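Okay, so here's the structure we're looking at.
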Amino acid sequence: MSLGGTYEPIDSVRGITNKSSGKMGLALAKEAYIRGADLTLVVAKVSVGIPSVFDVIHVETGNEMNNVILNLIPDFDIFISTAAVSDFEFKKKNDKKIDSNSSLSLDLKPATKIIRQVKKINPNIFLVGFKAEFNISKEEIICCARKQIEHAGTDIVVANDISKNECQFGSDNNEVLIVDDEVLTVPLASKREIAKVIFDVISKKLSSHVY
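In the working numbering, the protein residues as written are 12 to 222.
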């Protein structure tokens, strides 16, 4: 399971990141642990404390997370990708601190989509993707989720609109859509309760072999 937000350095002291807190990922990790799962957490920048009971691998950049995950994937049956991984990385990184009196232009390129690599390495893994969108319609969110299923082979996608009240990055609650062939709407609830619903869906899918 991956969680948190990655950090892409601009120079030796500055970088770009996102507001992901890791709260949803931690809620899922706790629920998985309660249900008896043997899990490893790949953790980027988070604002929550990770209990020592978990096996944790800390990473910073999207590339580091990609390398760790691809090494782990062959040994696991389920991968839950809750991390908010940067969509872009710098073409060239500066190893020194850039002078603040200088003009700065950032040259970015699309980052590797980690989730699209997973099933190439382990076709039998049950893959859970997350899709955070901002201020778009429910139909558009479902469309984005289904595009991820098409391109990455995710078995289910948990999608949400982070522009909604109480559903932003870092909130304790969320309102999500769980998308596969059908769409399950989970109304506003604590992330702990949403984690239970997500694992109920995973368990049902695994037990019925519909993946």
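All C-beta atoms, glycine included, are put in the ideal place defined by N, C-alpha and C.
The model shown is predicted, which means the values in this text are computed figures rather than measured ones.
For residue i, the nearest candidate out of the options (CA to CA)
| i | options | result |
| --- | --- | --- |
| D49 | A122, N112 and F87 | F87 |
| E204 | I27, I80, I109 and V187 | V187 |
| I132 | S219, D211, K175 and N82 | N82 |
| P97 | K108, I91 and L119 | Inspection of the sequence shows that residue 97 is occupied by Ser rather than by Pro. Out of K108, I91 and L119, L119 has the C-alpha closest to the C-alpha of S97. |
| I80 | L52, P62 and I61 | L52 |
| Y18 | Y44, I45, V57 and M12 | V57 |
| S148 | L117, K202 and K175 | K175 |
| A27 | L117, V70 and S113 | What sits at residue 27 in the sequence shown is Ile, not Ala. Looking at the Cα atoms, L117 is the closest of the given residues. |
| K158 | H69, S214 and D192 | D192 |
| H69 | E177, I209, K103 and M12 | M12 |
CB contact check: residue i to chain C, cutoff 9 angstroms
| i | result |
| --- | --- |
| E193 | In the structure shown, chain C cannot be found, because there is only a single protein chain. |
Other residues of its chain near residue i: CB distance less than 6 angstroms, five sequence neighbours each side excluded
| i | result |
| --- | --- |
| A206 | A38, L39 and E42 |
| G36 | L14 and T93 |
| N105 | D22 |
| I89 | F137 |
| N146 | S174 |
| E71 | Y18 |
Beta-carbon proximity of residue i to residue j, cut-off 9 angstroms
| i | j | result |
| --- | --- | --- |
| I153 | V194 | yes |
| I173 | E150 | no |
| L217 | F101 | no |
| V129 | I84 | yes |
| A95 | G47 | no |
| F99 | P121 | yes |
| V139 | I91 | yes |
| Y44 | V67 | no |
| I125 | T165 | no |
Sequence-distant residues of the same chain with beta carbon closer than 8 angstroms to residue i, five excluded per side
| i | result |
| --- | --- |
| T123 | G73, N74 and N77 |
| I109 | I21, D22, R25 and L115 |
| K107 | D22 and S23 |
| S219 | none |
| C178 | N171, D172, N184, N185, E186 and L199 |
| K103 | D118 |
Neighbourhood of residue i by C-beta distance below 7 angstroms, restricted to the same chain and skipping five residues each side
| i | result |
| --- | --- |
| V221 | Note on V221: pLDDT 49, under 50, position unreliable in the model; no value is reported. |
| V59 | S32, G33, K34 and L37 |
| I209 | L39, V169 and I189 |
| K202 | K34, M35, A38, D183, N184 and N185 |
Expected contact under 8 angstroms - CB spacing of residue i and residue j to nearest Å
| i | j | result |
| --- | --- | --- |
| I160 | V212 | Actually they do not touch by this definition, with Cβ atoms about 14 angstroms apart. |
| F180 | K30 | 4 angstroms |
| V190 | A163 | V190 to A163, Cβ: 13 angstroms. No contact. |
| N184 | A200 | 6 angstroms |
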